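Structure first, then comments.
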Amino acid sequence: MVLSDLATQTIVNGLLLGGIYALAALGLSLVFGIMDIVNLAHGHMLMVGAYIAILLFAATGITPLIGMLLAMVLMFGLGVLLQKVLLKHVVDEGLEQPIIVLFGLALILQNLGRVILGGDARTADIGIPGSGIELGFAYLSFPRTVTFVVAVLLIAATWAFLQYTKTGQAIRATAQNRTAAKYMGINTDRIYVITLGIGTALAGAAGALLSMLFPIDPYVGWSYLLKTFAVVVLGGVGSVLGTLVGGLVLGVSENLGALYLGGGYRNVVSLLIFLGVLLVKPEGLFGGSGGGE
Amino acid sequence: MAFLEKAPGESLATDRRVLGIAALVVLWLITVPFTTTDSLTGLILTGLVFIMLGVSWNLLAGYAGQISLGHAAFFGMGAFVAAWLTTPTAGGFPESIQLPLVPALLIGGLASALIALVIGPVIFRLTGHYFAIGTLALAAVIELIMLDRRDLTGGATGYYIQADLSLGEVVSHGDMMFYLTLVATIATVVITYLIVRGPTGLGMKAIHDDEDAASSLGVNPLKYKMYAFVVSSFFAGLAGALYGHYTLYINPQSTLAVTWTIDALVIVILGGMGTFAGPILGSGLYLLLDNGLSAIVSGYSEAVEGILIIIFIIYLPTGLYGLIKQYVVEETSDTDVAHE
Numbered sequence: 009m010v011l012s013d014l015a016t017q018t019i020v021n022g023l024l025l026g027g028i029y030a031l032a033a034l035g036l037s038l039v040f041g042i043m044d045i046v047n048l049a050h051g052h053m054l055m056v057g058a059y060i061a062i063l064l065f066a067a068t069g070i071t072p073l074i075g076m077l078l079a080m081v082l083m084f085g086l087g088v089l090l091q092k093v094l095l096k097h098v099v100d101e102g103l104e105q106p107i108i109v110l111f112g113l114a115l116i117l118q119n120l121g122r123v124i125l126g127g128d129a130r131t132a133d134i135g136i137p138g139s140g141i142e143l144g145f146a147y148l149s150f151p152r153t154v155t156f157v158v159a160v161l162l163i164a165a166t167w168a169f170l171q172y173t174k175t176g177q178a179i180r181a182t183a184q185n186r187t188a189a190k191y192m193g194i195n196t197d198r199i200y201v202i203t204l205g206i207g208t209a210l211a212g213a214a215g216a217l218l219s220m221l222f223p224i225d226p227y228v229g230w231s232y233l234l235k236t237f238a239v240v241v242l243g244g245v246g247s248v249l250g251t252l253v254g255g256l257v258l259g260v261s262e263n264l265g266a267l268y269l270g271g272g273y274r275n276v277v278s279l280l281i282f283l284g285v286l287l288v289k290p291e292g293l294f295g296g297s298g299g300g301e
Numbered sequence: 002m003a004f005l006e007k008a009p010g011e012s013l014a015t016d017r018r019v020l021g022i023a024a025l026v027v028l029w030l031i032t033v034p035f036t037t038t039d040s041l042t043g044l045i046l047t048g049l050v051f052i053m054l055g056v057s058w059n060l061l062a063g064y065a066g067q068i069s070l071g072h073a074a075f076f077g078m079g080a081f082v083a084a085w086l087t088t089p090t091a092g093g094f095p096e097s098i099q100l101p102l103v104p105a106l107l108i109g110g111l112a113s114a115l116i117a118l119v120i121g122p123v124i125f126r127l128t129g130h131y132f133a134i135g136t137l138a139l140a141a142v143i144e145l146i147m148l149d150r151r152d153l154t155g156g157a158t159g160y161y162i163q164a165d166l167s168l169g170e171v172v173s174h175g176d177m178m179f180y181l182t183l184v185a186t187i188a189t190v191v192i193t194y195l196i197v198r199g200p201t202g203l204g205m206k207a208i209h210d211d212e213d214a215a216s217s218l219g220v221n222p223l224k225y226k227m228y229a230f231v232v233s234s235f236f237a238g239l240a241g242a243l244y245g246h247y248t249l250y251i252n253p254q255s256t257l258a259v260t261w262t263i264d265a266l267v268i269v270i271l272g273g274m275g276t277f278a279g280p281i282l283g284s285g286l287y288l289l290l291d292n293g294l295s296a297i298v299s300g301y302s303e304a305v306e307g308i309l310i311i312i313f314i315i316y317l318p319t320g321l322y323g324l325i326k327q328y329v330v331e332e333t334s335d336t337d338v339a340h341e
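And the structure:
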């Protein structure tokens with residue numbers, strides 16, 4: 009079958025978008041794999057990161073690529089604070105309590121977003137000059153390409169951090185066996201703080217990148233939570249490579265769904281894929297049983 | 002933890018006292034449409050809808066331990082199915098399927114139960130976190146599809162429901178809806194009470210506490226989960242149908258909105274999860290907070306709800322019910338000691 013130009017272009021755009029989805033999902037996957045908590049506020053953290061970049065851009069014209077770094081620093085702080093003040097009371101306390109605490113946090117962030125910034129969607133612009141790349145069979149637009157490259161670089165950096173640094177190894181050890189890690193002298197409380205900090209910072213980074221492509225409003229949190237969780241399910245919990253592949257799969261299928269079924273079904277497609285994979289293979293298409301591999 | 006243990010004989014006295022209070026509350030509720038303004042009647046009707054939502058969610062989440070984040074879907078679908086039956090033409094259906102209000106409301110609830118019955122065996126392949134997110138996704142899919150099917154739902158603009166139960170000038174449609182909602186609320190509370198106090202409730206609690214252990218002792222987890230899910234969805238659907246026919250307006254974005262799930266969750270957490278009286282007390286508190294706070298800190302109601310559920314779940318996981326019980330039982334045990 010020969011794909012039409014439109015379909016090829018849609019797939020390419022989907023791949024570029026999928027890189028950002030993968031970055032957004034990586035934080036969720038890390039926190040889930042290591043702390044056994046599904047961060048119901050993950051999408052809302054992404055929204056906050058996007059707003060940091062948008063506000064900086066609107067006030068000073070500084071590119072959201074710099075805004076992304078600011079968002080990552082601030083969101084890391086938010087994650088650390090969240091673990092130290094709230095989640096430390098409920099982590100390892102079973103399922104209900106962390107879910108409800110994070111649900112509450114999502115409500116708070118959404119409300120603050122609406123009150124401070126208004127209910128309207130806002131967007132930023134990449135803010136630096138540059139031109140896209142013509143591949144012959146498809147066109148790579150400049151903002152989409154830059155955001156994709158940055159997202160993949162951040163994923164690679166996170167992977168390298170987990171793989172080669174002492175803290176990264178301690179994080180993976182905690183994911184594999186919390187009790188054994190404790191016996192080996194790893195301060196698992198500190199690991200949780202760092203993990204949630206990194207997870208939140210990655211959500212913020214993904215939000216800042218998305219702000220250059222799509223309008224952001226205070227209610228996007230739920231939809232991005234489901235998208236990122238879909239990626240985690242596709243890729244398997246705690247697998248960096250799986251998350252990347254899952255992100256690309258979701259980006260492409262979502263764009264194809266929008267092309268063939270109409271824009272209204274963009275989210276329906278991703279949710280149905282998600283539910284389908286969840287039901288058929290809950291450990292993920294590429295994943296093992298979790299942990300930091 | 003003396004307050005957790007019930008002395009023999011004490012239970013009967015406490016039950017009698019609770020029944021007495023319940024009877025008084027119901028008697029007061031019956032007078033509400035005649036003694037208060039229309040808007041206050043509407044407010045209390047909303048409170049009754051909250052009780053139905055909270056009690057039904059608590060059956061599934063608090064007793065059977067299945068944290069569903071898709072309750073809004075069942076509330077909304079109940080409302081839509083009932084609206085299609087009372088106002089078929091607005092939903093693109095032939096006039097001939099039109100039904101009187103009461104059967105339409107019941108079928109609305111049954112439709113939600115049927116949806117639960119069909120998707121239950123599939124969605125219960127998920128457990129824990131996956132179940133929570135799966136139900137959230139399911140509700141999102143239903144909302145998106147309903148929003149897209151303008152012919153059935155009126156799309157983003159929704160449509161007006163035609164129903165009139167008023168009895169001349171004396172009893173308005175809103176008042177009649179209030180009484181129907183009161184009857185439905187009492188039915189929800191009584192039926193749920195019978196379930197959780199019976200062997201089925203015991204089975205639910207067993208799978209909540211330890212699914213593997215219960216399963217190895219011959220308790221079939223799926224059976225009890227399905228029971229809780231179907232009953233819970235029926236009452237949620239009935240609540241939605243009643244509320245839709247009180248407001249006489251329906252819209253996928255508000256009727257199926259995640260807000261209804263949030264309401265149910267906040268009510269149950271405030272009142273005390275997994276306790277029978279919890280959602281009823283929680284509804285009262287929530288109604289007061291929702292209206293009191295929106296007057297004081299308007300615009301921040303969601304944030305306040307978020308803060309409240311965080312504080313309650315960390316510091317007061319047994320909720321308002323736990324507080325009251327602690328206080329009441331300490332008081333009674335003091336008198337017991339004095340008698341001896």
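Sequence order for the protein chains is A and B.
Counting in this note's numbering, the first sequence runs without a single skipped number right up to 301 at its last residue.
Counting in this note's numbering, the second sequence runs without a single skipped number right up to 341 at its last residue.
For each residue, glycine too, the CB sits at the ideal point set by N, CA and C.
Just so it is clear, the structure is predicted and the values come from calculations on it, not from any experiment.
To which residues of the same chain is G175 of chain B closer than 7 Å at the C-beta, ignoring the five residues directly before and after it? D39, T42, G43 and Y247
Which one of B:A278, B:G272 and B:E303 has the shortest CA to CA distance from W261 of chain B? B:E303
Classify R130 of chain A as helix, strand or coil using the three-state DSSP reduction. strand
L257 of chain B (DSSP reduced to helix, strand or coil): coil
Is it buried or exposed, M2 of chain B, if we count other Cβ atoms within 10 angstroms and call 16 or more buried? Summary for M2 of chain B: the model assigns pLDDT 35, below 50, so the residue's position carries little reliability; its value from the coordinates is reported in the next sentence. Under this definition M2 of chain B is an exposed residue.
For D165 of chain B, is the classification buried or exposed, using 16 other Cβ atoms within 10 angstroms of its Cβ as the cut-off for buried? exposed
Counting Cβ pairs, one atom from each stretch, are 3 or more of them under 8 Å apart for the segment 261-275 of chain A and the segment 14-26 of chain A? yes
8 Å Cβ cutoff met for Y250 of chain B and I146 of chain B: no
When the Cβ atoms of the segment 178-195 of chain B are set against those of the segment 256-273 of chain B, are three or more pairs found closer than 8 Å? no
Measuring only the C-alpha atoms, how far is L70 of chain B from G138 of chain A? 44 Å
Would you mind reading off the limits of the alpha helix (DSSP H) that contains S57 of chain B? D39 to N59
Run the CB neighbour count on G93 of chain B, radius 10 Å, all protein chains shown included, and call it buried at 16 or more, exposed below. exposed
Assuming A207 of chain B and G110 of chain B are in contact, meaning their beta carbons sit under 8 Å apart, how far apart are those beta carbons, in whole angstroms? Between G110 of chain B and A207 of chain B the Cβ distance is about 27 Å, and since that is not below 8 Å, they are no contact.
Taking just the CA atoms, how far does G275 of chain B sit from A215 of chain B? 18 Å
Helix, strand or coil: how does DSSP classify H249 of chain B here? For the record, residue 249 of chain B in the displayed sequence is Leu; it is not His. Here L249 of chain B sits in coil by DSSP.
Distance, T236 of chain A Cα to L63 of chain A Cα: 24 Å
Cβ neighbours of H209 of chain B in the same chain (closer than 7 Å, five flanking residues each side left out): Y64, A65 and G66
Take the Cβ of L195 of chain B as the centre, count every other Cβ of all protein chains shown within 10 Å, and call the residue buried at 16 or more, exposed below. exposed
Is it true that the segment 32-42 of chain A meets the segment 234-254 of chain A, where meeting means three or more beta-carbon pairs spaced less than 8 Å apart? yes
Measure from the alpha carbon of A303 of chain A to the alpha carbon of each residue in A:S219, A:L258, A:L73 and A:L279, then state which is nearest. Residue 303 of chain A is absent from the structure shown; chain A starts at 9 and stops at 301.
Between B:Y180, B:V119, B:A229 and B:L257, which has its C-alpha nearest V79 of chain B's C-alpha? The sequence given here places Gly at residue 79 of chain B; Val does not occur at that position. It is B:L257 whose Cα lies nearest to the Cα of G79 of chain B.
Between V228 of chain A and chain B, is any beta-carbon pair separated by less than 8 Å? no
Between the Cα of H72 of chain B and those of B:L282, B:V305, B:A240 and B:G293, spot the shortest distance and give me the residue it belongs to. B:A240
How many Å lie between S299 of chain B and T32 of chain B at the Cα? 31 Å
Verify the CB distance criterion: does H50 of chain A have a CB-CB separation below 8 Å to chain B? no
Where W126 of chain B meets chain A, residues with beta-carbon distance less than 7 Å: Looking at the sequence shown, residue 126 of chain B is not Trp but Arg. Here the neighbours are L287.
Determine the direct distance from the alpha carbon of Y29 of chain A to that of D149 of chain B, and round the result to whole angstroms. 25 Å
Cross-strand partners of E142 of chain A (DSSP beta bridge): A:Y147
What residues in the segment 297-313 of chain B have a beta carbon less than 7 Å from any beta carbon of chain A? G300, Y301, E303, A304, E306, G307, I308, I310 and I311
Along the chain, where does the alpha helix (DSSP H) that runs through T236 of chain A open and close? V228 to G243
Supposed close pair G27 of chain A, V160 of chain A - CB separation, criterion 8 Å: 5 Å
From the DSSP output, read off the bridge partner residues of L38 of chain A. BP columns for L38 of chain A are empty, so no partner.
Cβ shell of H52 of chain A (< 7 Å), same chain only, five flanking positions each side left out: A114, L117, Q118 and G229
List, in order along the chain, the chain C residues whose C-beta lies closer than 9 Å to that of F169 of chain A? Here chain C cannot be found, since the structure's protein chains are A and B.
Can you tell me where the alpha helix (DSSP H) holding A49 of chain A begins and where it ends? It is not in any alpha helix (DSSP H) - A49 of chain A carries neither H nor E in the DSSP assignment.
What is the residue span of the alpha helix (DSSP H) that Q177 of chain A lies within? K174 to Q184
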